[in-house]
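Below is one structure, written out as structure tokens, with a few remarks after it.
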Amino acid sequence: MRIPWLGKLKHAPPFTRLRLGGACFSLPVFVCLAVLASAAAGAPAPRYPSPVELAVSPDGARLFVVCEGTDEVVVYDNRSHSIARRIPVGRAPKDVALSPDARRLYVANSWSDTVSEIDTQSLAVLRTLPAGFEPNAVIVDRAQRYLYVANRIGGDVSVVDLATGQETKRLLAARGASYLALSPDGAKVYATHIYPIPGKWRTPPQSEITVIDTARQMVIDRYRLDNAAGVFHVALSADGRLGMAAETRPKNLVPLAHVEHGWVFGNSISVFGEDVGEPVQIPIDELDRYFTPPFGVVLARDKSMAYVSTTGSDSITVIDIRRLLEFLRTATPAARRALANDLSASAHYVAARIPVGRGPKGLALSADGKRLYAANRSDDTVSVIDTAARRVVETISLGGPANLTPERRGEQLFFSARFAFQGHFGCANCHIEATFDGLPWDLEPDGFGVDIVDNRLLENIEGTEPFKWNGSNPNLETECGPRTEKFFYRSQSYDGQELADLVAYIKSIPARPNRFRRPEGEMTAAQERGKSIFERTRKKDGTPIPEANQCAVCHSGPHFTNQQLADVGSGKPTDRSPRIDVPQLTNIALTAPYLHDGSARTLEEIWTVFNPADTHGVTNDLQKDELNDLIEYLKTL
Amino acid sequence: MRKLAIAFALASAALAAAPDMPRFRWENFTTANGLPDDHVFNVCVDGNRVWAATENGLGLYENGKWRVYRPADGLAHRAVLNIAVDKRTGDVWAATMSGLSRFSAGRFDNFTQLSSGLANDVVYGVSVEGDEVWIATAAGGSRLNTRTGEWSLFNERNTPMYEIWTYAVQATASKVYYAVWGGGVLEFDVKTQHWKDYNDPDGETQLVLYKDQGLIHEITTSVSYAEKDKILWVATYFGASRYDGRNWNNFLEKDSGLPSNFLNQVKAVDGTRAWFSTDKGLAYYDGANWAVYRPALDTHKPEMLVRDADGKITRVDVDTAPAHNYILGVDFQGDDIWVATGKGLSHGIRVK
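Listed in order, the protein sequences are those of chains P and Y. Note that this note's numbering has the first sequence beginning at 1, numbered continuously upward. Note that this note's numbering has the second sequence beginning at 638, numbered continuously upward.
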């Protein structure tokens with residue numbers, strides 16, 4: 001059995017120790033035991049912890065690690081070097097926050113739409129608090145009166161009263177609200193977003209940092225981030241004068257033909273606050289090497305260094321803040337504006353790159369700043385970094401299964417950027433956290449503006465082939481194999497085994513819970529009416545609707561696609577063919593924009609703007625409220 | 638008005654006996670001092686911030702300065718007809734002639750009949766209650782659930798609404814009222830989820846055969862529900878109405894202190910007191926007495942008239958008046974009042 005990372009660990013430095021629950025195994029023994037255990041007949045599919053975020057107790061004694069793959073918080077005792085407790089929480093937990101007095105721990109359960117409140121002494125779950133659609137981040141205010149929860153699907157921030165346990169209001173953030181930071185004085189909460197703000201078709205993506213006043217619990221400002229889409233963690237310096245947000249800058253408006261020139265993604269940090277004046281975006285890439293996507297960011301208390309995890313590059317980028325501020329001070333306004341695309345700039349402020357485990361996500365610094373912890377999602381470990389030596393001094397195992405299934409191996413590949421030319425990007429750059437990015441792309445070198453394609457959701461796609469909007473890829477092996485190598489990565493890509501693993505993983509990506517279905521399963525009146533419209537065979541005047549123009553014919557089967565090509569009149573002069581793949585409708589409410597090229601900004605526009613001749617289903621005999629009903633039904637699929 | 642003038646002359650000697658009605662010093666804003674446009678359709682107060690809905694932009698008055706938002710800034714359309722503030726979040730909802738705008742900390746998100754579930758782009762009124770935004774459009778009512786994004790439309794097919802030109806809406810925790818222009822008043826009971834309509838028993842005529850037996854007229858322009866007292870106030874182009882859930886009490890120029898039957902808005906203080914925006918001045922009713930504030934219709938000099946419960950009218954000497962007698966809407970700021978007029982926005986600073 002092939003275990004790709006085994007070789008890597010064998011060559012790990014001697015100080016790298018693999019620990020599990022206090023016992024220390026030699027690697028070969030550990031692997032054999034695990035494989036044998038898993039091979040037992042009827043064993044359930046292994047679950048990998050997949051740590052994504054972590055917090056350190058103020059005394060440094062404990063690590064609280066959020067494991068989204070096993071729906072738990074792993075409490076690791078730094079003194080005994082053992083796992084003290086595994087605390088079950090809600091589904092797909094995504095974030096953890098300690099209360100200011102460190103007596104409570106809050107965990108955002110993204111698939112349960114809840115927050116778990118945990119007593120850090122007893123390690124018991126005290127309460128399960130409400131949140132919005134897909135809570136992805138959580139933070140407690142200074143007074144410990146209110147909890148702020150970023151809701152990714154809701155695009156808002158819930159304010160939860162900790163005394164009553166009730167959600168008091170939701171504040172409008174932006175699409176894909178996912179990460180939060182509290183200013184050191186407790187006056188403001190900053191929110192970032194993994195998806196861009198919906199804008200006009202084929203215009204540069206835009207995101208924002210939403211600023212919330214904690215005294216009034218209102219949004220008071222929005223820092224605009226031009227050309228930015230996936231924005232992840234945001235952090236502030238201890239003096240509150242400097243903020244940093246990790247982000248990608250997708251270059252989706254030009255043909256994806258210049259990987260070697262850096263024209264696919266820029267990996268940047270948005271820097272804001274009194275120290276820099278106007279926000280400025282700084283690249284962390286180098287002329288011939290990319291560090292992507294920047295995800296976690298923490299700042300040393302003395303504001304000497306910032307640490308940025310780059311998930312696809314398996315490393316931590318260390319930024320010398322003093323050098324950075326000096327560099328920005330001497331830059332002209334024009335130079336600051338151009339900085340984001342200057343790949344030579346990082347030499348002025350990047351102090352080091354620290355290799356860590358696979359797929360580093362969340363970061364946490366010990367109170368004394370001597371230890372940096374990185375949650376390595378893809379290999380179920382936490383890297384412990386000596387910040388002075390800038391190297392990993394310990395690797396904590398979270399006890400994930402030693403045997404890697406094809407799906408797990410494929411997942412590791414999916415989140416890796418090592419296959420693209422100069423490590424430029426990986427699958428997860430566009431399919432952010434195995435979803436989508438809300439952007440239309442000009443993918444192949446067929447000329448500017450030809451065959452623009454919207455990025456589709458990957459959930460539950462087995463059985464939806466063919467792939468690509470023109471249906472030219474009959475299976476995922478074709479979609480992800482030579483095509484990826486030739487048109488995307490511009491570098492030797494996956495070998496046969498890797499490709500099989502990657503495909504296995506993509507096929508295994510489940511659909512997240514649909515927030516528009518009632519828990520009991522029954523439909524609302526509007527959804528019922530919409531379903532009737534979706535399934536109708538006659539117009540309102542009784543005229544039969546041709547079969548090829550009935551919603552439920554093309555959008556049929558378990559995924560609501562007949563897996564055929566169809567011309568629904570949405571083709572543009574720049575499309576090489578008007579016939580497009582009938583898309584599946586899984587969680588369609590989340591994936592705007594719509595149509596093959598992303599030209600419909602909302603579900604409504606598919607029919608109000610792009611269906612004048614009833615070529616994409618018959619909708620022109622519908623009243624506006626009936627169209628609304630149809631959309632309410634589609635949102636449940 | 639001739640009768641009013643005669644009555645005024647008769648009563649002028651009895652000034653000291655006039656009821657004690659609110660007195661204001663009026664400060665007026667026009668484009669000359671920063672207002673986006675002199676045609677002000679409505680005004681909305683949010684603490685120390687005052688929002689003006691004008692024909693050429695959304696104005697924000699804060700810290701003594703005006704800031705103007707127009708389509709170039711993201712506003713759906715330059716003509717803003719109505720404004721509502723979500724008191725919990727501070728977000729501002731602007732009803733425009735081409736869609737609904739949500740303004741939140743500098744960002745506009747727009748909703749139109751093409752890009753969203755909104756019934757129609759001509760949006761006359763908007764009101765926020767909890768997580769729901771209620772909208773009055775030229776093609777019926779709309780409701781947006783801001784948590785789920787669900788749109789619900791209300792029209793002749795699912796409510797007793799026989800005319801779909803909804804002109805104003807007010808949502809409260811217990812009731813939602815629509816002023817349907819030409820269709821009376823529509824009531825939505827939040828608890829029962831049922832609709833009920835209120836109409837003029839005289840039909841669509843301008844005759845008043847049954848004065849206090851129902852709504853004064855079908856052409857309604859505004860509704861204001863004093864929820865605590867469970868009193869509904871209604872403005873029409875042919876008088877005003879007050880409804881306590883059982884009895885109607887109607888107000889006409891001829892038998893009340895209303896300076897005109899042509900009303901653009903009514904805004905309740907409570908179940909007893911209300912302000913009326915008419916084409917001939919701003920009127921206030923305290924349950925017994927009336928006051929009218931305006932530039933005099935003939936001389937255009939500042940004028941304040943008080944009518945007591947017996948119908949005696951007195952003039953109160955004043956130095957200032959609202960910017961114009963054509964009043965479109967008011968909102969309160971503590972004891973002060975802000976007034977939208979056809980030629981400027983007025984700030985009534987309470988002096989007594």
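Think of the CB as a built atom: it goes at the ideal place given N, C-alpha and C, for glycine as much as any other residue.
Taking only the alpha-carbon atoms, compute the straight-line gap between P:R512 and P:I212 and give it to the nearest angstrom. 29 Å
So does the region 951 to 971 of chain Y actually touch the region 912 to 929 of chain Y, counting three or more Cβ pairs closer than 8 Å? yes
Taking the alpha helix (DSSP H) that P:A500 belongs to, which residues open and close that run? 496 to 508
Under the three-state DSSP convention, the category P:G423 falls into: helix
Rounded to the nearest angstrom, how far is the Cβ of P:L565 from that of P:D581, given a contact under 8 Å? 6 Å
Tell me, please, whether the region 839 to 853 of chain Y touches the region 871 to 878 of chain Y by the rule of three or more beta-carbon pairs shorter than 8 Å. yes
Give a yes or no on whether the minimum CB-CB distance between Y:A742 and chain P is below 7 Å. yes
Indicate the three-state DSSP secondary structure (helix, strand or coil) for P:G165 in the structure shown. coil
Tell me which same chain residues have a C-beta within less than 8 Å of the C-beta of Y:G910, skipping the five on either side of it? Per the sequence presented here, residue 910 of chain Y reads as Arg, with Gly not at that position. Correct list, in chain order: Y921, Y922, D923, G924.
Under 7 Å between beta-carbons, which chain Y residues line up against P:S170? List them in chain order, please. It is worth fixing the name first, because residue 170 of chain P is Arg in this sequence and not Ser. Ordered by position in chain Y, the residues that pass the 7 Å Cβ test against P:R170 are R784.
For chain P, find out if any of its Cβ atoms is closer than 7 Å to the Cβ of Y:L942; answer yes or no. no
Per DSSP, what are the beta-bridge partners of P:K624 in this structure? Answer by DSSP bridge pairing: none, since P:K624 is not bridged.
Which first and last residues belong to the beta strand (DSSP E) in which P:S532 is found? No beta strand (DSSP E) contains P:S532, which is instead part of the alpha helix (DSSP H) from 525 to 535.
How about P:P44: is its Cβ closer than 6 Å to a heavy atom in the ligand MG? This structure lacks the ligand MG, and indeed carries no ligand of any kind.
Have a look at P:D239, P:A177, P:R170 and flag the residue whose alpha-carbon is nearest the alpha-carbon of P:S183. P:D239
Pull the bridge partners of P:M305 from the DSSP assignment, please. P:D320
Chain Y partners of P:D77, CB-CB under 8 Å? Simply none; closest approach about 41 Å.
For chain Y, find out if any of its Cβ atoms is closer than 7 Å to the Cβ of P:T640; answer yes or no. Residue coverage of chain P in this structure runs from 1 to 637, which leaves residue 640 of chain P outside it and unanswerable.
Unbroken alpha helix (DSSP H) run spanning P:Q412, endpoints: 406 to 414
Please tell me whether P:G312 and P:S416 are closer than 7 Å, where the distance is taken between their beta carbons. yes
I'd like to check one pair, P:R62 with P:V75: are the Cβ atoms closer than 7 Å? yes
Is the shortest distance between the beta-carbon of P:M523 and the beta-carbons of chain Y less than 7 Å? no
Taking any Cβ of chain Y, which residues in the region 613 to 637 of chain P have a Cβ under 9 Å from it, in chain order? Q623, K624, D625, L627, N628, I631, E632, K635
Within its chain, find whatever has a CB closer than 6 Å to the CB of P:V160; leave out the 5 residues flanking it on each side and keep chain order. L129, L147, E167
Within-7 Å CB hit, Y:L712 to chain P: no
Comparing the C-beta of P:A221 with each C-beta of chain Y, is any distance below 7 Å? Checking the sequence, you will find Asp at residue 221 of chain P rather than Ala. So yes, P:D221 belongs to the interface.
Using the rule of at least 16 other Cβ atoms within 10 Å of the residue's Cβ for burial, across every protein chain shown, is P:L287 buried or exposed? exposed
Please confirm if the region 497 to 508 of chain P is in contact with the region 618 to 625 of chain P, defined as three or more CB-CB distances below 8 Å between the two stretches. no
Count the other CB atoms within 10 Å of the CB of Y:K709; is the residue buried (16 or more) or exposed (fewer)? The displayed chain sequence assigns Ala, not Lys, to residue 709 of chain Y. Y:A709 comes out exposed.
Give the secondary structure of Y:K891 by DSSP, where H, G and I count as helix, E and B as strand, and everything else as coil. helix
Listed in chain order, which residues of the region 884 to 899 of chain Y have Cβ atoms closer than 7 Å to some Cβ of chain P? none
Where do the N-terminal and C-terminal ends of the beta strand (DSSP E) with P:L225 fall, by residue? 218 to 226
For a contact meaning CB atoms closer than 7 Å, what does Y:A756 contact in chain P? K624
Residues sharing a beta bridge with Y:A731, DSSP: Y:I720, Y:S738
In terms of residue numbering, what span does the alpha helix (DSSP H) encompassing P:T478 cover? 476 to 480
Is the Cβ-Cβ distance between P:D446 and P:Y48 less than 7 Å? no
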